[in-house]
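Visitor:
Encoded structure:
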């Protein structure tokens, strides 16, 4: 497992495993799909934790009860970073997308959104309900309500502009 998708509880030595551990990585991939770059590309455990804390704020007892008693956390002596607005780092995500991303990136694993809850999040609502009933072998792009569209911020004369402006930006960038 690459360092970039590991949650802070695992980086700080937790050996407890639950599906919520994986939801942190899902959030990192969700961001990467929307932004086109990794969220926390750390090169060491300490670097990874610094990147996480610089963006989300250094954890404290209020948002991660027990953090101050974790020896690994204390040994790093992290600065007290304040959380940054995620919209500044993920401008392609709307308010619902930021809300979902934050639900994935909770410091306490028990507080992270489950896969089932995430799929029911309002962010995915405009994809329609049929996307949830497709078999694994059927592409979501067989549905008329799900279409890819070139990123409007990307300019290259070899790609003509799409005339279909009715397609929602989120629908074009989700998959």
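In the numbering used here, the protein residues as written are 12 to 186.
Even glycine gets a Cβ: it sits at the ideal position worked out from N, Cα and C.
How would you label residue 123, buried or exposed, when you count the other beta carbons within 10 angstroms and need 16 or more for buried?
Guide: Residue 123 sits at position 112 when you count from the first residue of the chain shown. It counts as buried.
Visitor: Hey, quick one: how far does the alpha helix (DSSP H) through residue 21 stretch, first residue to last?
Guide: Numbered from 1 along the chain shown, position 10 holds the residue referred to as residue 21. Looking at the DSSP string, the run of the alpha helix (DSSP H) that includes residue 21 is 19 to 22.
Visitor: Taking 8 angstroms as the threshold (C-beta atoms), are residue 87 and residue 57 in contact?
Guide: In the chain shown, the residue the question calls residue 57 occupies position 46. In the chain shown, the residue the question calls residue 87 occupies position 76. Yes, the Cβ-Cβ distance between residue 57 and residue 87 is below 8 angstroms.
Visitor: Within the chosen definition, does the segment 18 to 37 reach the segment 100 to 119 through at least 3 CB pairs nearer than 8 angstroms?
Guide: Yes: the two stretches touch, three or more of their Cβ pairs being nearer than 8 angstroms.
Visitor: Given a cut-off of 8 angstroms on the beta-carbon distance, is the pair residue 126 and residue 46 in contact?
Guide: Locating residue 126 in the chain shown gives position 115, counting from the first residue. Locating residue 46 in the chain shown gives position 35, counting from the first residue. No. Outside cutoff.
Visitor: Over the uninterrupted alpha helix (DSSP H) stretch that includes residue 65, give me the two end residues.
Guide: As a working note, residue 65 is residue 54 in the chain shown. First-last of the alpha helix (DSSP H) with residue 65: 56 to 67.
Visitor: Considering residue 114, what are the terminal residues of the alpha helix (DSSP H) in which it resides?
Guide: For the purposes of this step, residue 114 is taken as residue 103 along the chain shown, with counting starting at 1. It spans 106 to 115 - the alpha helix (DSSP H) in which residue 114 sits, taken as one unbroken run.
Visitor: Ignoring anything shorter than 4 residues, give me the alpha helix (DSSP H) runs that lie fully in the segment 23 to 47, in order along the chain.
Guide: DSSP runs (the alpha helix (DSSP H)) wholly in the segment 23 to 47: 30 to 46.
Visitor: What's the gap between the Cα of residue 51 and the Cα of residue 64?
Guide: As a first step, residue 51 must be located in the chain shown, where it is residue number 40. As a first step, residue 64 must be located in the chain shown, where it is residue number 53. One C-alpha to the other measures close to 10 angstroms.
Visitor: Along the chain, where does the alpha helix (DSSP H) containing residue 72 start, and where does it finish?
Guide: Here the question's residue 72 lines up with position 61 in the chain shown. Where residue 72 is concerned, there is no enclosing alpha helix (DSSP H), given that its DSSP letter is neither H nor E.
Visitor: From 25, 26, 43, pick the residue whose C-alpha is nearest to that of residue 103; which is it?
Guide: As a position in the chain shown, residue 103 is number 92, starting the count at 1. Cα-wise, what sits closest to residue 103 is 43.
Visitor: Taking the C-alpha atoms as reference points, what is the distance between residue 74 and residue 132?
Guide: To locate residue 74, count along the chain shown from 1; it is residue 63. To locate residue 132, count along the chain shown from 1; it is residue 121. Straight-line Cα distance between these residues: approximately 22 angstroms.
Visitor: When you compare only the Cα positions, how much space is there between residue 97 and residue 141?
Guide: Mapped onto the chain shown, residue 97 falls at position 86. Mapped onto the chain shown, residue 141 falls at position 130. If you take the alpha carbons of residue 97 and residue 141, they lie about 30 angstroms apart.
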